[in-house]
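Below is one structure; the comments refer to it alone.
Numbering (our numbering), first residue to last: 72 to 658.
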């Protein structure tokens, strides 16, 4: 039978009720909330702070209006709904201390839901609202009744069932899971059994049920004491197995594991950090899964985990992602870069020292990805390189970052040449930082190894400048200077004399710039061996020039040792020419 359209009077009443719901005040105590609800219901508001003085009629009118009018009108409006539910929860919490009121509140709630059941199908907004009512009002009632009350377990079971209903919205599921925490804390004996049920629910065929299970697991862990209960309840082992489940038919299980990791990270916050590092390989695999729903859940979980981790924890999470960049599958590479983006952003903003610690490995890996075959991987890698560029605070290098990044992302003779020219043309007024070296040294290294003769000579010339201006920032720059050593030594045998000469000068300065002189000593020893075993004139000349430059750069004590070695008869007599050549190059 068709329902008659509302009359003008009904429309006016509905409009007034909606306005009342929208303007419901923010209450801070149960008497204030009760007065506001009674006023909205059109009945006298009790002016007392003693629960025993509140009449059954006032309570019935207040909650009756809240359930049947106020919340109905606020369906779909978050702020009014939140104020109304908070007011109702305050009233329930304040009056449930009296047994008579507690029984009446339960009767009013059960009566409301019986009416809802008789109505049959509800709109999605009202179904969601009923979930919020269960969480705020039934959950609040059970919390005040206590675990010894005969109705406590029944209300907790009601919330669990509502949580697991496929029709319960994600927002309502979240509210119900939060409401379950104090109920489980009040009855620790129920935690283990419920957590096992929730863990099994991660494998359910319906996504809303898996999401509910994930929130339920997080609620159980919180009730059991927080992150310390993860091992005792067997949560991480179960989730690890779920995320690692293989096969197309196990995609729901993998998604359930990701949903659980997201819920745990969100609910446990910073206390989840000890587990964050171990979860990153699992999440990386999920982000590159063949099933879209798993990829989406993995990305959301990874972002939530990253958001909860400290600067030191973020630094530890970088290496598993860089391992992912070495994977041959493009989707894994792309996922690794996409997960690096928020980590680098946070390190740039809050922990630049920790960022500097990961850049020696990260930047070369990103350079390889930026020069890869797939456009989306190249674009993502270039984006992270630009984030690193934004972290360069060195005033003389910051303005050069566009040309440096272009040389890294688009490596060819033209881009390398322009980047080297900009580096050689700049005036460096302060010592270099780690972030600056992270962009500069890969460009120089690439030019040393792959550039034409002109590029190799310019790169070797700048390497000498770089070693000089690194003084005072050895802690930050040492890894980068060490990476230049091998290609510079290789250029000592270059067929072009000008390249050999530039490389020799750079090697000399590099030997003197090494922290504590240790690396300089190793360099000189290696050059001496190379000089004695030179196989052709180019190699002999380059080694001699490099050794002479190193001798002039090391400490006085080490210089005397090297000169004594040069002047002593060489083991192979054929090495005499090399030693004499080195002596000839000394100033």
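Beta carbons: idealized from backbone N, C-alpha and C, even for Gly.
Close CB contacts of residue 92 within its chain, under the 7 Å cut and outside five residues either way in sequence, are with 141, 144, 145, 151, 155 (chain order). The continuous alpha helix (DSSP H) containing residue 351 extends over residues 344-358. Residue 191 has its alpha-carbon roughly 48 Å from the corresponding atom of residue 412. Burial is judged here by how many other beta carbons sit within 10 angstroms of a residue's own beta carbon; residue 651 has fewer than 16 and is exposed. With a cut-off of 8 Å on Cβ pairs, the region 330-341 is in contact with the region 293-307, counting three or more such pairs. Judged by DSSP secondary structure, residue 230 falls within the alpha helix (DSSP H) whose first and last residues are 223-235.
Rounded to whole angstroms, the separation of the alpha carbons of residue 135 and residue 128 is 10 Å. With a contact defined as Cβ atoms closer than 8 Å, residue 376 and residue 429 miss out at about 17 Å. Burial is judged here by how many other beta carbons sit within 10 angstroms of a residue's own beta carbon; residue 466 has fewer than 16 and is exposed.
At the C-beta level, residue 486 and residue 478 come within 8 Å of one another. In this structure, DSSP gives residue 220 a state outside helix and strand, which the three-state scheme calls coil.
In this chain, the alpha helix (DSSP H) harbouring residue 200 covers 195-204. Residue 495 counts as exposed, since fewer than 16 other beta carbons sit within 10 angstroms of its beta carbon.
In the structure shown, the three-state DSSP call for residue 520 is helix.
Taken in chain order, the whole alpha helix (DSSP H) runs of length 4 or more contained in the region 91-177 are 101-112, 127-136, 149-166.
Inclusion of residue 212 and residue 173 in the CB contact set at 8 Å is warranted, their separation being smaller than that value.
Ranking 648, 364, 358 by CA distance to the CA of residue 373 puts 358 first. Here residue 570 is actually not in contact with residue 538; their C-beta atoms are around 17 Å apart, not less than 8 Å. Within its own chain, the residues whose Cβ lies closer than 7 Å to the Cβ of residue 620, once the five positions on either side in sequence are excluded, are 575, 576, 578, 579, listed in chain order.
Each of 547, 532, 549, 546 was checked against the Cα of residue 559, and the nearest Cα belongs to 532. Within its own chain, the residues whose Cβ lies closer than 7 Å to the Cβ of residue 447, once the five positions on either side in sequence are excluded, are 405, listed in chain order. Counting the other Cβ atoms within 10 Å of the Cβ of residue 344 gives 16 or more, which makes it buried. Excluding sequence positions up to five before and after residue 500, its CB lies within less than 8 Å of the CB of 466, 467, all in the same chain and listed in chain order.
In its chain, beyond the 5 residues on either side, 109, 129 have a beta carbon closer than 8 Å to the beta carbon of residue 115.
CA-to-CA, the gap between residue 241 and residue 335 works out to about 15 Å.
The three-state secondary structure of residue 186, taken from DSSP, is helix.
Runs of the beta strand (DSSP E) lying entirely within the region 589-647, each at least 3 residues long, are absent. By alpha-carbon distance to residue 582, the top candidate from 626, 562, 199 is 626. The alpha carbon of residue 209 has as its nearest neighbour, out of 323, 179, 262, 367, the alpha carbon of 179. Sequence-distant partners of residue 222 (beyond 5 residues in either direction) whose C-beta falls short of 7 Å from its own C-beta, in its chain, are 177, 216.
For the pair residue 235 and residue 283, the CB atoms are nearer than the 8 Å cut-off. In this structure residue 565 touches residue 613 by the C-beta definition: roughly 7 Å separates them, less than 8 Å.
Taken through DSSP and simplified to helix, strand or coil, residue 379 comes out as coil. A distance of 8 Å or more separates the beta carbons of residue 435 and residue 352.
Secondary structure of residue 318 (DSSP, three-state): coil.
Fully enclosed alpha helix (DSSP H) runs of no fewer than 4 residues occupy 262-272 of the region 243-293, in order along the chain.
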